[in-house]
Amino acid sequence: MELKIEHLSKQFKDKTAVNDVNLTLNPGIWGLLGANGAGKTTLMRMIADIMTPTSGAVYYDGKNIRELGEVYRSKFGFLPQDFGYHRDFTVKDYLEYMAALKDIPTKATTQKINHLLDILSLSDVKKKKSPICQAA
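Quick note on numbering that gives the first Met the number 0: the sequence shown kicks off at 0 and runs consecutively.
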């Protein structure tokens with residue numbers, strides 16, 4: 000799997016939010032750092048195909064994500080810092096909700112959730128009601 004970003008830019012009226020970004024990302028864990036207003040969220044929205052760039056393109060395994068549409072979006076997850084969540088959901092409830100949104104078959108959901116909880120060391124808090132992924 001390769002995600003390639005070529006000459007990606009986003010202009011809002013008189014403000015350039017993202018200017019000519021070029022990246023190639025291969026499997027692994029990546030971080031995106033920058034000051035407030037630097038364009039991180041705008042860049043991520045374009046990579047997630049929920050915002051159209053002013054110029055440039057994002058390619059997934061050599062194919063333009065704008066052409067792949069839902070096929071691409073079903074493989075990509077994006078959780079911004081500020082997002083709506085159900086305050087009564089437990090950690091497990093939230094993961095089940097996300098699995099339903101991604102059309103993961105119910106039989107596979109429990110196994111996948113338990114695996115994620117284990118590798119993220121969250122098994123002991125899966126029944127806690129708390130804001131998920133809230134920044135410290």
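Every residue, glycine too, gets a C-beta built ideally from N, C-alpha and C.
Note that the structure is predicted; figures quoted are calculated from it, not measured.
### Query
Is the number of C-beta pairs between the stretch 58-70 and the stretch 93-110 that are closer than 8 angstroms three or more?
A contact between stretches requires three or more CB pairs, one per stretch, nearer than 8 angstroms, and the stretch 58-70 fails this requirement with the stretch 93-110.
### As assigned by DSSP and simplified to three states, the class of LEU100
Mapped onto the sequence shown, residue 100 falls at position 101. Correct three-state label for LEU100: helix.
### Message
So for SER122, helix, strand or coil by DSSP?
### Response
Translated into the one-based positions of the sequence shown, residue 122 becomes position 123. When DSSP states are grouped into helix, strand and coil, SER122 belongs to the helix group.
### Query
Is it buried or exposed for LEU7, if we count other Cβ within 10 angstroms and need 16 for buried?
Numbered from its first residue, the sequence shown carries residue 7 at position 8. LEU7 should be labelled buried.
### Task
Apply the 10 Å Cβ neighbour rule to ILE118 and answer buried if 16 or more other Cβ atoms are within range, or exposed otherwise.
As a first step, residue 118 must be located in the sequence shown, where it is residue number 119. Counting other Cβ atoms within 10 Å of its Cβ, ILE118 stays below 16 and is therefore classed as exposed.
### Task
Output the boundary residues of the alpha helix (DSSP H) element that contains GLU66.
Numbered from its first residue, the sequence shown carries residue 66 at position 67. Per DSSP, GLU66 belongs to the alpha helix (DSSP H) from 64-67.
### Message
Could you tell me the alpha carbon to alpha carbon distance between ALA47 and TYR59, rounded to whole angstroms?
### Response
The residue you call residue 47 lines up with position 48 of the sequence shown. The residue you call residue 59 lines up with position 60 of the sequence shown. So the two alpha carbons sit approximately 11 angstroms from each other.
### Message
Is the separation between the beta-carbon of ASP87 and that of LYS128 shorter than 8 angstroms?
### Response
Your numbering for residue 87 matches position 88 in the sequence shown. Your numbering for residue 128 matches position 129 in the sequence shown. Closer than 8 angstroms, so yes.
### Task
Would you please state the rounded distance, in angstroms, between the beta carbons of MET45 and LYS9? I believe it to be under 8 angstroms.
The sequence position of residue 45 within the sequence shown is 46, counting from 1. The sequence position of residue 9 within the sequence shown is 10, counting from 1. Between LYS9 and MET45 the Cβ distance is about 6 angstroms, and since that is below 8 angstroms, they are a contact.
### Task
Write down every uninterrupted run of the beta strand (DSSP E) in the stretch 16-81 whose length is 3 residues or greater and which is fully enclosed by it, in chain order.
As summarised for the stretch 16-81, the continuous beta strand (DSSP E) elements at least 3 residues long and confined to that stretch are 54-59, given in chain order.
### Under the three-state DSSP convention, the category GLU5 falls into
Position 6 of the sequence shown, counted from the start, is the residue given in the question as residue 5. The answer is strand: DSSP assigns GLU5 an E or B state.
### Task
Can you say whether GLY38 is buried or exposed, counting buried as having 16 or more other CB atoms within 10 angstroms of its CB?
As a first step, residue 38 is located in the sequence shown; it is residue number 39 there, counting from the start. Per the 10 Å Cβ criterion, buried.
### Query
Where THR109 and LEU24 are concerned, what is the direct C-alpha to C-alpha distance, given to the nearest angstrom?
Residue mapping note: residue 109 aligns to position 110 of the sequence shown, counting from 1. Residue mapping note: residue 24 aligns to position 25 of the sequence shown, counting from 1. A direct Cα-Cα distance of roughly 30 angstroms separates THR109 from LEU24.
### Message
Only counting the same chain, and skipping five residues up and downstream in sequence, which positions put a Cβ closer than 7 angstroms to that of THR89?
### Response
Residue numbering aside, residue 89 sits at position 90 when the sequence shown is read from its first letter. Closer than 7 angstroms at the Cβ level, and outside the excluded window around THR89, lie LYS125, LYS126, LYS127 and LYS128.
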